[in-house]
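Here is the structure we will look at.
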Amino acid sequence: MHQKHQSHQSDKSAITTLLEHLVRMPTISGDLATNSAALDWVEAQLTNLPLQIKRLEYNGVPTLIATTIAVTNPKAPRLWLAGHMDVVPGDPDVFNPKLNGNRLYGRGTSDMKSALAVFIYTLQQLGSSLHQYDLGLMITSDEEVGGFDGARWLVESGYRGQAMILPDGGTNWDIELKAKGIIWYQITATGTSAHASRLWLGDNAIGKLTQFLAAVADLYPAEPCSDPDHAHSTMNIGTIAGGTAANQVAERAIAHIDIRLVPGELISTRHQEITDLANAFPGIEITRLVAEPAFELRSDGALQLFADIAAQITGHKLSSTLSHASSDARHFVAAGIQVITTRSTGGDHHSDQEWIDLDDLTIYYQILRRFIEEWAKI
Ligand SMILES: [Zn+2]
Ligand SMILES: [Zn+2]
């Protein structure tokens, strides 16, 4: 018991040191030089390990891939450890990690440099035994802006694999089995301009737009709704702009909306619905900007094994959740990879108070280590 406690403490302090270093690098999405330098640093942590390291770049966005020599197809190991280096912007202060008790505060502590620190430490600990594992590490640097030049490009370039650990979602040990899809529309209303004193001579685009938006909103539950899990599709009006002056009848108005779809609902069905509605409103035109399907994962195989190991080590059963946001998981799931998305206790990601529980993160390492030993050993 004493020895177990000691190894927990030494694992924890090593992982914390790696994480602090990662947080200090302000790898904001779009800052390609800083992201690239951070990947250099990761590469340096992996030197002298039996790994083949590759640096890739698409549209200037850097990616690091490291695979063990046991991997027969370097684009498709049995198991990927995957994550993103980029973070959302914040005050300079959030790039100074702060320790408070068992919590480390700072940008990326939860989303998701904590996982990168655990990945690096795990590979270092497996050390020379890595040749016995069919395993790869993949770090992209554009997840927070859609993952199009990272995850999606890798999938388009033929990257596959059986299972993937991607701890970029799921709150506090819940496993993310389902994720909502996304559709974005731009809605343009066109009217006829006139002076406000004789507005009957014109046709107000803002009025048309708000009436149309109200009709779209009627297709979705009003919030707050009675379902605590919000297992339904949603619609948000994100922007609205129009008109030129108070004394003019607006000739043009534009809005952007974001629809989130639950698994089982099709993009095509929702698209037909809003298209039919737009046809009933003269002067309304819709343009679809983004369309990403919802997904639901198989819960057998690697995912079942991971959940069993986690339950043994943490002492409680992992429950499954529906994700309302999106992550790079959607790109990999579309390629047939079984993605395991759960993370240890942390919170307030994307805020200046972002934090991670370091004891729990060390437990995540123990789970991951055992999972790798059982799933990826050849
Ligand atoms: Zn993330
Ligand atoms: Zn709701």
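Note that numbering that gives the first Met the number 0 numbers the sequence shown so that position 296 is 295, with each residue one more than the last. Just so you know, even glycine gets a beta-carbon here, dropped at the ideal spot from N, CA and C. Here the structure is a predicted model, which means the values were calculated and not measured.
Cβ-heavy atom distance, residue i to ligand 2, below 8 Å
| i | result |
| --- | --- |
| E383 | Nothing about residue 383 can be read from this structure; the chain reaches only from 0 to 377. |
| D226 | yes |
| T320 | no |
| E222 | yes |
| H231 | yes |
Cβ-Cβ distance between residue i and residue j below 9 Å
| i | j | result |
| --- | --- | --- |
| L50 | T67 | yes |
| D358 | H20 | no |
| Y120 | L17 | yes |
| T340 | S322 | yes |
| D356 | N101 | yes |
| A69 | I377 | yes |
| A162 | I336 | yes |
| G82 | D30 | no |
| D90 | D351 | yes |
| V411 | F94 | Nothing about residue 411 can be reported from this structure: the residues present for the chain run from 0 to 377 only. |
| D327 | E142 | yes |
| A65 | L122 | yes |
| L78 | G135 | yes |
| K179 | L260 | yes |
| N171 | R342 | yes |
| T209 | T286 | no |
| G314 | T108 | no |
| L103 | T238 | no |
| I164 | L367 | yes |
Exposure of residue i, with buried meaning 16 or more beta-carbon neighbours within 10 Å
| i | result |
| --- | --- |
| N203 | buried |
| K207 | buried |
| K112 | buried |
| Q365 | buried |
| S225 | exposed |
| P227 | exposed |
| G105 | buried |
| E380 | Here the chain covers residues 0 to 377 and nothing more, so residue 380 does not appear. |
| L200 | exposed |
| L80 | buried |
| L218 | exposed |
| S267 | exposed |
| E272 | exposed |
| A244 | exposed |
| G59 | exposed |
| T320 | buried |
| S156 | exposed |
| A301 | buried |
| P96 | buried |
| S12 | exposed |
Cα-Cα separation between residue i and residue j, rounded to whole angstroms
| i | j | result |
| --- | --- | --- |
| K177 | F294 | 6 Å |
| L265 | K316 | 32 Å |
| L212 | I236 | 8 Å |
| T33 | T26 | 5 Å |
| E348 | L55 | The residue you asked about is not Glu; residue 348 is His in the sequence shown. For H348 and L55, the distance between alpha carbons rounds to 28 Å. |
| L115 | T361 | 13 Å |
| A37 | R269 | 41 Å |
| G263 | S128 | 43 Å |
| M84 | S140 | 5 Å |
| Y57 | G146 | 11 Å |
| N99 | V86 | 22 Å |
| L304 | V154 | 25 Å |
| D173 | E353 | 19 Å |
| T274 | M234 | 15 Å |
| D133 | V41 | 20 Å |
| V144 | R197 | 46 Å |
| Q131 | L125 | 10 Å |
| Q247 | R159 | 57 Å |
| A214 | V338 | 37 Å |
Proximity test, residue i beta-carbon vs ligand 1 heavy atom, cut-off 8 Å
| i | result |
| --- | --- |
| D110 | yes |
| H4 | no |
| E142 | yes |
| S350 | no |
| D148 | no |
| S28 | no |
| D167 | yes |
| S9 | no |
| S326 | yes |
| H415 | Only positions 0 to 377 of the chain appear in the structure, and residue 415 is not among them; the question remains open. |
| H130 | no |
| H330 | no |
| H83 | yes |
For the region 250–259 against the region 185–200, are there 3 or more C-beta pairs whose distance is under 8 Å?
-> Yes, they touch.
Counting Cβ pairs closer than 8 Å, one from the region 283–298 and one from the region 171–186, do we hit at least three?
-> Three or more Cβ pairs drawn from the region 283–298 and the region 171–186 lie within less than 8 Å of each other, which places the two stretches in contact.
Touch check for the region 367–377 and the region 300–311: three-plus C-beta pairs under 8 Å?
-> Yes, the region 367–377 is in contact with the region 300–311.
With a cut-off of 8 Å, do at least 3 Cβ pairs link the region 146–157 to the region 329–343?
-> As far as the Cβ criterion goes, the region 146–157 touches the region 329–343, which means the pair count is three or higher.
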